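Engineer:
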Amino acid sequence: MKSGGRSVEPRLTSFGKAPTYVDVFAGCGGLSLGLHRAGWRGLFAVEKDAFAFETLSTNFLTSDAKYPFDWPVWLPKRPTTVEDLLRDHAQELAQLRGKVDMLAGGPPCQGFSSAGRRMADDPRNSLVERYLELVEILQPTILLLENVRGFTLDFQARTGGGGKRRENAAAQLMRRLSKNYEVETDILRASDFGVPQNRPRFILVAVRRGSGAASGALNDLRFTAALVAQQHGIGLVNSAGEAISDLELSRNETVPCPDTVGFEAVGYRGPLTPFQHAMRDGYDAPPSDTRLARHTHAVRERFADIIETCRAEGRGSRQLSAEMRERLGIRKLTTRVLDPNLPAPTVTSMPDDLLHYREPRTLTVRENARLQTFPDWFRFCGKYTTGGHLRRIEVPRFTQVANAVPPLLAEILGTRIKQHCLGAIRPKLEAG
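Here it is in C-alpha cells:
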C-alpha cells in the first residue's frame with residue numbers, strides 16, 4: 001500500500017483488543033486513569049517519586065484495582081526513572097518495539113514553567129533526551145505528550161551568558177520527532193473540556209509515518225468532549241462551586257482525620273450537583289484526603305477579609321491587585337479566591353495559592369482533586385505537604401494532584417485518538 005510515495009504498513013499491535021499504552025513520568029496516574037476510561041490498556045508506568053508511585057500503585061496495581069495495568073514480570077513494581085529503565089531493561093524494551101500503540105506522558109513541567117525562572121540548563125529539561133531515546137526504542141504508533149504552556153517559550157540565558165535566548169523545548173521536540181512522526185500541537189484550556197479549572201496546557205499528538213494511523217486528532221476535539229461529558233452526565237463548562245460545594249463545612253460535620261493524628265477532616269453528606277454525582281462514580285464511602293489545614297484564628301480572620309474584599313470588588317478567581325495586597329497586608333502574589341460560579345484558576349502545588357470562595361480556609365487535597373476531575377474513590381498517598389529543599393525531591397499529595405493531567409481531559413484525548421487515529425488502521429487491516 002502506498003501513501004505519498006511512502007510504503008505504508010498498517011500496524012495496530014492490539015488489533016481486536018483494547019489498544020495499549022505505556023505511561024512515562026506518570027506521576028500519580030491522572031493520564032493513565034483517563035486513558036483506561038477511554039478504553040486503553042496500560043502495559044506499565046514509569047514514575048520515580050516514592051509518594052506518587054505509592055498513589056499510582058494503590059489505585060492501579062492492587063488485586064482489586066478498577067483499572068489494572070498488564071504489568072510485565074520483568075519490571076519491578078517500584079519507583080524508577082526513565083534513565084534507569086533504559087539502562088536496566090534495554091533488552092526487554094527492545095522486544096516491545098512495534099508492540100506499543102501509544103507512548104503517553106511528558107517530562108516534568110518544573111523546568112519549563114513560566115511561573116519560575118526557565119533556564120535551559122535546568123537538569124530536569126534533559127529528561128526530554130531520555131524521552132526521545134525511549135521513543136526510538138519502542139517506536140510506538142502514537143505519542144501523546146502534555147506539558148505546561150511554558151514548554152513553548154524560549155529559554156533564558158543565565159547571567160553572563162551573553163543574554164541570548166535558546167530555542168524552546170516544544171520546538172526542539174517537534175523538530176526531532178518530525179523525521180518519523182507527523183506532529184500536531186495545541187494549547188488547550190481544560191475549562192473548555194468539562195474540567196472546572198482553567199489550566200492551559202501544551203498538548204502534542206504525533207502519528208508514526210507509515211503506520212497507517214490518521215493524523216488530525218486535535219481537530220474537532222470539542223465534539224468528542226461533548227460526547228464524553230454527556231456519558232458522565234455533566235456539561236462542558238463546570239464551575240468551582242459545582243465541583244466542591246458538597247464539601248463545604250457549613251453542611252458537613254468535621255471528623256478526626258483518619259490518616260493524621262491531631263488534624264480534622266471534612267465529614268460527608270452526599271453530592272449536590274450532577275458534576276459531584278459524576279465524581280462520586282458509584283463510590284459509597286466518604287471521600288478520602290479531606291484533611292483541613294490548622295489555620296490560626298488570626299489567619300482565618302485575614303482569609304475572611306480577603307474573601308469578603310474579593311467578593312465586594314468582583315475579583316473572584318483573579319489575582320489580587322497591588323493596592324488590595326497592600327491594604328490587606330499580603331505579600332504573596334499568587335493568592336486567589338475561588339469564584340463559585342466560574343472555573344477555578346490553575347491548581348498549583350502550593351496549598352495557600354487558592355482560598356475557598358466562602359469559608360476562610362485553603363482547599364483540601366480532595367477539593368483540589370475534584371477541580372482536577374479525580375473521582376472520589378481515587379486515593380492519594382504520602383505526605384500532604386513538604387517544604388524547603390525537599391520541594392525539589394518530594395512529591396506530596398498536593399503536588400501530585402497539581403502535577404496531574406486532569407483525568408477527564410485525558411479521557412477525551414484518549415477517546416479521540418483511539419477513534420480517529422487508530423480507527424483509520426482497522427479497516428485497512430480487515431481488508432487484508
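All residue numbers for the sequence shown refer to full-length UniProt numbering, where the first residue is 1 and numbers rise by one. Quick reminder that beta carbons are idealized off the backbone N, C-alpha and C, glycines included. As the structure is a computational prediction, the values presented were derived from the model and not from experiment.
#1: By DSSP, does D23 sit in helix, in strand, or in coil?
#2: Have a look at F60, K17, A312, T364 and flag the residue whose alpha-carbon is nearest the alpha-carbon of S32.
#3: Please name the residue, chosen from P360, N403, P140, that lies closest to Q372 on a Cα-to-Cα basis.
#4: In three-state terms, what does DSSP make of F112?
#5: Tell me P256's beta-bridge partners as DSSP assigns them.
#6: Could you give the DSSP three-state label for A38: helix, strand or coil?
#7: Could you compute how far the alpha carbon of D259 sits from the alpha carbon of A265?
#8: So, is V207 buried or exposed, given that buried needs 16 or more other C-beta atoms within 10 angstroms?
#9: Looking at the structure shown, is F44 part of a helix, part of a strand, or coil, going by DSSP?
#10: Below 7 Å CB to CB, which residues in the same chain sit around N341 once its five sequence neighbours on both sides are set aside?
#11: Among the residues of its own chain, which have a CB less than 6 Å from the CB of D353, if the five just before and after it don't count?
#12: Would you kindly report the start and end of the unbroken alpha helix (DSSP H) that includes M350?
#13: Return the residue from the list M324, M279, H295 that minimises the CA-CA distance to N366.
#14: From this set, R391, W377, E54, L93, which residue's C-alpha is nearest H277's C-alpha?
#15: Could you say which of F44, G98, L144, K66 lies nearest to P76 if we only look at CA atoms?
#16: Counting only the same chain and skipping the five closest in sequence on each side, list residues whose C-beta sits under 8 Å from that of S113.
#17: Going by the CB atoms, is the gap between S245 and P343 shorter than 9 Å?
#18: Y131 by DSSP, collapsed to three states: which one?
#19: Taking the alpha-carbon positions, what's the P286 to G267 distance?
#20: How many whole angstroms separate the CB atoms of K383 and P375, which I take to be in contact at a CB cut-off of 8 Å?
#21: Please confirm if the region 206-223 is in contact with the region 177-194, defined as three or more CB-CB distances below 8 Å between the two stretches.
#22: List the residues that DSSP assigns as beta-bridge partners of I393.
#23: Assuming H420 contacts G216 (C-beta within less than 8 Å), just tell me the rounded distance between them.
#24: Out of curiosity, what's the CA-to-CA distance linking L357 and Q197?
#25: Could you tell me which of L96, A104, A50 sits nearest to P79, measuring between CA atoms?
#26: Between V128 and V205, what straight-line distance do the alpha-carbon atoms span, to the nearest angstrom?
#27: Out of H36, A410, G282, which one is the CA nearest neighbour of F202?
#28: Between which two residues does the alpha helix (DSSP H) harbouring residue 455 extend?
#29: Do P274 and G235 have their CB atoms nearer than 9 Å?
#30: DSSP state of P200, grouped into three classes?
#31: Would the beta-carbon of P351 fall within 9 Å of that of F398?
#32: Enumerate in chain order the residues of its own chain whose CB-to-CB distance from E83 is below 7 Å, with the five nearest sequence positions on each side excluded.
#33: Please report the Cβ distance between I412 and V228, rounded to the nearest whole angstrom; I am assuming they are in contact, meaning their Cβ atoms lie under 8 Å.
#34: For a test of the three-state rule: what should DSSP assign to N168, helix, strand or coil?
#35: Return the CA-CA distance between V261 and T290, expressed in angstroms with no decimal places.
#36: Distance check for H232 and R175, CA to CA, integer angstroms please.
Structural biologist: On the basis of the coordinates in this document:
#1: strand
#2: F60
#3: N403
#4: Its pLDDT being 44, under 50, F112 is placed unreliably in this model, and the value from its coordinates should be taken loosely. Three-state DSSP puts F112 in a helix.
#5: E264
#6: coil
#7: 10 Å
#8: buried
#9: strand
#10: S239, G241
#11: T334
#12: Unbroken run through M350: none, as it is neither H nor E.
#13: It should be pointed out that residue 366 corresponds to Arg in this sequence rather than to Asn. When only C-alpha atoms are compared, the closest one is M279.
#14: W377
#15: F44
#16: Note that S113 scores 44 on pLDDT, short of 50, meaning its location in the model is unreliable and no value can be drawn from it.
#17: no
#18: helix
#19: 7 Å
#20: With 8 Å as the limit, K383 and P375 do not qualify as a contact, their Cβ atoms being about 22 Å apart.
#21: yes
#22: BP columns for I393 are empty, so no partner.
#23: 7 Å
#24: For the record, residue 357 in the displayed sequence is Tyr; it is not Leu. Computed Cα separation, rounded: 14 Å.
#25: A50
#26: 16 Å
#27: A410
#28: Past the boundaries of the shown model lies residue 455; the chain is included only from 1 to 432, so the question cannot be answered.
#29: yes
#30: strand
#31: yes
#32: R130
#33: 5 Å
#34: coil
#35: 14 Å
#36: 38 Å
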